[in-house]
Amino acid sequence: MSNGSAVPALSAQERTTLQRRVRLIVAFTILYNIAEAVISLIAGGRADSTALVGFGLDSVVEVASAAVVAWQFSRKDPERYEQQALRGIGIAFFLLAAYVAVISLAVLFSIVTQPRPSTLGIIIAIASVVIMPTIAAVERTTGRRLNSAAVVADSRQLMVCWYLSVALLVGLLLNTWLGWWWADPLAGLCIAYLALREGREAFAGDSCATTGMRVMLDPAGAKAPACGDCCHDD
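Numbered by my numbering, the letters in the sequence shown go through residues 23 to 256 in order.
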């Protein structure tokens, strides 16, 4: 939708079906990420792994992000709540980025304990590498058809989980196979950077939603852009 074309109008039945699909995606995301968070935080605590702890906290943020979207689509008119949903997602990312960056730097400068190998962490990282892209693709397509910036932002957040999973997996494998303990906090810094970027993207989507809302309230103004025109197509 980067060519500026308008989003095709949806029938009431199509919109209801797509909104139901969003709720199912969000429910799966919440359940999966609760399990992912618990496993990652336990494994990270045992191995003193900053990357694993950061990954587990990212899973907590994903649950919060999905819960925000679930709240939005539990409302009678979810389009009205785009701004609040996007701000909530963005703030969660900023908090995650700040925490993981501080802890990763502390490990790199040997202020806290160096991480140890974690087989359990490798397993959960591989699982996320396999699962996240499919779920993200379905949610992103659904969000675009609904012209929902919040749903698209949440799908992008799932892709961030994939990037984080790859960074985590590389860091854990290097530590396990080669004993490169510093690869773990470097992976943590990658996680912090991606979280910061996604927080900024969520707030950019918030601006898009605000523009669209102003246009809907002012029919004489220019046509509201589709969410795909405001959100980058990574």
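Yeah, the Cβ is synthetic: ideal placement off N, Cα and C, and Gly gets one too.
The model shown is predicted, which means the values in this text are computed figures rather than measured ones.
Legend entry - In chain order, each beta strand (DSSP E) run of at least 3 residues that lies wholly inside the segment 65-125: None, since the segment 65-125 contains no complete beta strand (DSSP E) of that length.
Inset, instruction - For T233, I'd like the list of residues in its chain whose CB is within less than 6 Å of its CB, leaving aside the five on either flank, ordered along the chain. - result: Note that T233 has pLDDT 37, beneath the 50 cutoff, so the model's placement of it is unreliable and the number below is only indicative. Residues of the same chain with their beta carbon placed closer than 6 Å to that of T233 are lacking, with the five preceding and five following residues left out of the count.
Legend entry - Pair within 8 Å by beta-carbon distance, F95 and R45: For F95 and R45, yes; Cβs fall inside 8 Å.
Inset, instruction - Report the three-state DSSP secondary structure of L142 (helix, strand or coil). - result: When secondary structure is reduced to three states using DSSP, L142 falls in the helix class.
Legend entry - G193 - containing alpha helix (DSSP H), residue span: Where G193 is concerned, the enclosing alpha helix (DSSP H) stretches over A171 to L200.
Inset, instruction - Output the distance between the C-alpha atoms of A123 and S132, rounded to the nearest integer angstrom. - result: When the Cα atoms are used, A123 and S132 turn out to be separated by approximately 14 Å.
Legend entry - Stretch-stretch touch, CB-based, cutoff 8 Å, three pairs: the segment 33-53 with the segment 104-119: Contact fails: fewer than three Cβ-Cβ distances are below 8 Å.
Inset, instruction - Please list, in chain order, all residues of the same chain as P155 whose beta carbon is under 6 Å from its beta carbon, the five residues on each side excluded. - result: The answer, listed in chain order, is W184.
Legend entry - Residues of its chain near A89, where Cβ-Cβ distance is below 7 Å and the 5 sequence neighbours each way are ignored: Within the same chain, A89 has close Cβ partners I52.
Legend entry - DSSP-derived helix/strand/coil call for Q35: Here DSSP, grouped into helix, strand and coil, assigns Q35 to helix.
Inset, instruction - Report yes or no: do the segment 201-210 and the segment 157-164 share at least 3 C-beta pairs separated by less than 8 Å? - result: Contact between the segment 201-210 and the segment 157-164 is not established, with fewer than three Cβ pairs separated by less than 8 Å.
Legend entry - Three-state secondary structure (DSSP) of F225: Three-state DSSP puts F225 in a helix.
Inset, instruction - Indicate the three-state DSSP secondary structure (helix, strand or coil) for Q136 in the structure shown. - result: In the structure shown, Q136 sits in coil (DSSP, three-state: anything other than H, G, I, E or B).
Legend entry - Spatially closest choice to I56 from A86, M181 and Y121, by CA coordinates: Of the listed residues, the one whose Cα sits closest to I56 is A86.
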